[in-house]
Each structure stands twice: as structure tokens, then as C-alpha cells.
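Numbering (our numbering), first residue to last: 354 to 693.
Just so you know, even glycine gets a beta-carbon here, dropped at the ideal spot from N, CA and C.
Keep in mind the model is a prediction, meaning the values are calculated, not measured.
What follows is a short report on a single structure.
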Amino acid sequence: MTAPTKPPYNGPSDPAAAPASAAVSGTPASAAVSGAPASAAVPAGERTASGVPLHAPVIDWFDEHARDLPWRRPEAGAWGVMVSEFMLQQTPVSRVLPVYEQWLARWPRPADLAAQAPGEAVRAWGRLGYPRRALRLHGAAAAITERHGGDVPADHAQLLALPGIGEYTAAAVASFAYGQRHAVLDTNVRRVFARAVTGAQYPPNATTAAERKLARALLPDDEARAARWAAASMELGALVCTARNESCHRCPIADRCAWRLAGKPAHAGPPRRGQTYAGTDRQVRGRLLAVLREAHGPVPQAVLDQVWPEPVQRARALDGLVADGLAEPLADGLYRLPLT
């Protein structure tokens, strides 16, 4: 969900000591998708399913239109990229920006965060939502400090071995922070590929093996260009090829988009429903956690009881916070943010 606008930051780790990213098939996208033969005139991976060049116009568009975001600047480093990736999951940039700035000012290196109690990460997370991400980021910071001397590793396998790091985040950090060649598949990229290459309005609800194969086939062979392509295709999905009200008149590949050329056929899969929030356990959890974040000490059960009128749902939400490690029960009906 983030992408560099400038040459990637090499970080404190020695690039020469980091193993090269795993080799990815150079099969062109046309062959990978439709079985069409490769053309010697266009490098591997440069085409859509119809054989039309794809990388150059998207990267050129990105060079001109990419947003200037703090985690894209060289001084952000690999840690800044990692923090942004955790925060941007299911959360818009506008909400992340102020929290990100405060977070990096307080914890500029993984060791700074690891030295704090997990509850402080939850407190600083504020109202970004999905606060378990704060605990996972704290756990990753602790592991980076213990295993890698406080430097975010450049190796994809080592990134993937960190707690709370999945395939997407490992690929994103390796690509955006270290300029490596990895398929970075977030919702925006998947939507661009679904429309431009396969002719579908939306990708499947969950990432499929076919999508991963297509993403690998579309990767340029050159590492730096592959990292740039990952950033550019992500930004295109975020700003132009959006889920609703797409701006095809601003798209650099509108003239070769399979979905547009087919007349923009409507989504044929199950209805895509937006997530509800009002009245859900998530809302109750958020209100309970807000009380714990704002308190300077343990909070009595009676205070928590005031945040939601329905006792069964309130108890279920509080139990969920405890089970997820976001709240710690104490004696005499007191609760606090976790210390360990």
C-alpha cells in the first residue's frame, strides 16, 4: 500500500551481504495468460494479455503523478516503509499520515519501539482501527532488535520470518525499501491487473494462485524496474483505477485495458458488500479500547460498562480484547493496556 517515488533506500544493512531476491520466471504476460508467443521486440513481462506494452506508460505516469508521502522519501528508511505498510492495511492515507509522523518521531528505530511496553504501541495507534496491527508491529520490532541488530532485514525470507509479517508485507518492504524484484499484490494492484489484463471489473475476494502467477509474469526482469513497476501499478489503482468511479480518461493504459475494450462488463461474481461498523462488536471494542488508551492507570469495570448499553455484547467485546492481548485484566475488576 505504499511505494517509493525516489530511488529505494538501501538501509543500514549491507546490500552486498543480502542474498538476491528469488528468481522469478521471465515468461511474458501474454504467454502466461493466453499462451501467445513472445515477441522479441518487447521485453519479457512488458505486455498485457493482448500483447500490448504495459510497463512504460504506467511507470512514466507514476514518475509524473506519484504522491509525495513521507514513507516514500529516502530518509524514511526500511523501518519507515515497514511502519507505513502496517498502518495502511485497510486504512486510508489521510488517517495514517498524522499517526505515522508521531510514531516515527517517537520510535525512529525498531529498538526504540521494542523497549516500550506493547500497550504503548496500542495507545499510540489511536483510532486507526484494527489495533492488533500495533501489537504485531511491536512484535516485529522486538524480533528485528533481537535477531538483526535493530536493522530491518533486506532478505525476503528473513522478513517473512518476522512475527506479524505476511507475504504481502515482506514483498512490499523488500521491493519499496530495498529495490528488489517481488510481486507486490495489494487490493489496488489486483484490481489493475484484473481490469487491464484479464478483463474483469474486480479481482476475486481472496488472492488466488492465478493472480500470483500473473503478477510474477508481469514483473520486469530488471530489479530496479520491477520495484518501480510495483510502485507504479499500486499508485495507479489507488488514484485512477479505483474500485468505484474509475477515471479511465486519466489512465495511461486505457487504450489497452482489456476490461474497457470489452465494454466494461459488470462484475459476474457474488455481490461485493461494504463492511459495516455501526452496532458491531468492532465498534464496541473500539469504544472500550479508547477508554483504556486515554486512562493513566487501570480502569474499573464500572467505567467500561458505561461505553455500551447492551451487556452481553459489551462483555463479548471485552473478552475479545483480552483474548487478543489488547487488554489485560487485573484483580478487583480492573483493566489496563498490556505491559508484556
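Return helix, strand or coil for R689, following the three-state DSSP convention.
Within the sequence shown, residue 689 is the residue found at index 336, counting from 1. Secondary structure at R689: strand, using DSSP grouped into helix, strand and coil.
Might you give, ordered along the chain, the residues of its own chain that have their beta carbon closer than 7 Å to the beta carbon of A553, omitting 5 neighbours on each side?
The residue given as residue 553 occupies position 200 in the sequence shown. If we look at A553 and ignore the five residues flanking it on each side, its Cβ neighbours are A547 and W612.
Do you know offhand how far G632's Cα is from D574's?
Start at 1 with the first residue of the sequence shown, and residue 632 comes out as number 279. Start at 1 with the first residue of the sequence shown, and residue 574 comes out as number 221. Distance between the alpha carbons of G632 and D574 is about 49 Å.
V652 bridges to which residues according to DSSP?
Along the sequence shown, read from residue 1 onward, the residue named residue 652 stands at position 299. Within the DSSP bridge table, the entry for V652 names Y688 as partners.
Under 8 Å, with one C-beta from each stretch per pair, do the segment 600-612 and the segment 558-567 reach the 3-pair mark?
no
Of the residues Q659, G492 and H535, which one's Cα is nearest the Cα of D508?
Taking the sequence shown and counting its residues from 1, the one referred to as residue 508 is at position 155. Of Q659, G492 and H535, the residue nearest in Cα terms is H535.
From G686 to A527, what does the alpha carbon distance come to, in whole angstroms?
Walking along the sequence shown from the start, residue 686 turns up at place 333. Walking along the sequence shown from the start, residue 527 turns up at place 174. Taking the straight line joining both Cα atoms gives about 45 Å.
Can you check DSSP and say which residues form a bridge with E454?
As a working mapping, residue 454 is identified with position 101 in the sequence shown. E454 pairs with nothing; no bridge assigned.
Just the Cα atoms here: how many angstroms apart are G519 and L513?
As a working note, residue 519 is residue 166 in the sequence shown. As a working note, residue 513 is residue 160 in the sequence shown. Computed Cα separation, rounded: 6 Å.
Give the straight-line distance between the Cα atoms of T444 and G502, rounded to the nearest whole angstrom.
Position 91 of the sequence shown, counted from the first residue, corresponds to residue 444. Position 149 of the sequence shown, counted from the first residue, corresponds to residue 502. Whole-angstrom Cα-Cα distance: 30 Å.
Enumerate, from N- to C-terminal direction, the unbroken alpha helix (DSSP H) stretches of 4 or more residues contained entirely within the segment 544-624.
562-571, 576-592 and 611-614
Less than 8 Å between the beta carbons of F529 and V434, yes or no?
Along the sequence shown, read from residue 1 onward, the residue named residue 529 stands at position 176. Along the sequence shown, read from residue 1 onward, the residue named residue 434 stands at position 81. Cβ distance < 8 Å, so F529 and V434 count as in contact.
At 4 residues or longer, what runs of the alpha helix (DSSP H) sit wholly inside the segment 515-543?
520-531
For W661 and L407, I'd like the C-alpha separation in whole angstroms.
Here the question's residue 661 lines up with position 308 in the sequence shown. Here the question's residue 407 lines up with position 54 in the sequence shown. In a straight line, the C-alpha of W661 is about 52 Å away from that of L407.
Which class does E663 belong to by DSSP, given the choice of helix, strand or coil?
Residue mapping note: residue 663 aligns to position 310 of the sequence shown, counting from 1. In this structure, E663 counts as coil in the three-state DSSP scheme.
Provide the residue span of the alpha helix (DSSP H) that contains R638, from first to last.
For the purposes of this step, residue 638 is taken as the residue at position 285 of the sequence shown. Taken as a continuous stretch (DSSP letters only), the alpha helix (DSSP H) holding R638 covers D634 to E647.
Can you give me the C-alpha to C-alpha distance between P390 and V537, rounded to a whole angstrom?
The sequence position of residue 390 within the sequence shown is 37, counting from 1. The sequence position of residue 537 within the sequence shown is 184, counting from 1. Confidence is the limiting factor: at P390 the pLDDT is only 33, short of 50, which leaves the residue's position unreliable and the question unanswerable from this model.
In or out: H430 buried (at least 16 other Cβ within 10 Å) or exposed?
Stepping through the sequence shown from its first residue, residue 430 is reached at position 77. In the sequence as displayed, the identity of residue 430 is Gly instead of His. Buried is the call here.
So what's P682 in DSSP terms, helix, strand or just coil?
If you number the sequence shown from 1, residue 682 lands on position 329. DSSP places P682 in strand when its eight states are reduced to three.
Measure from the C-beta of L490 to each C-beta in chain B and report whether the shortest distance is under 8 Å.
Protein chains in the displayed structure number just one, and chain B is not present.
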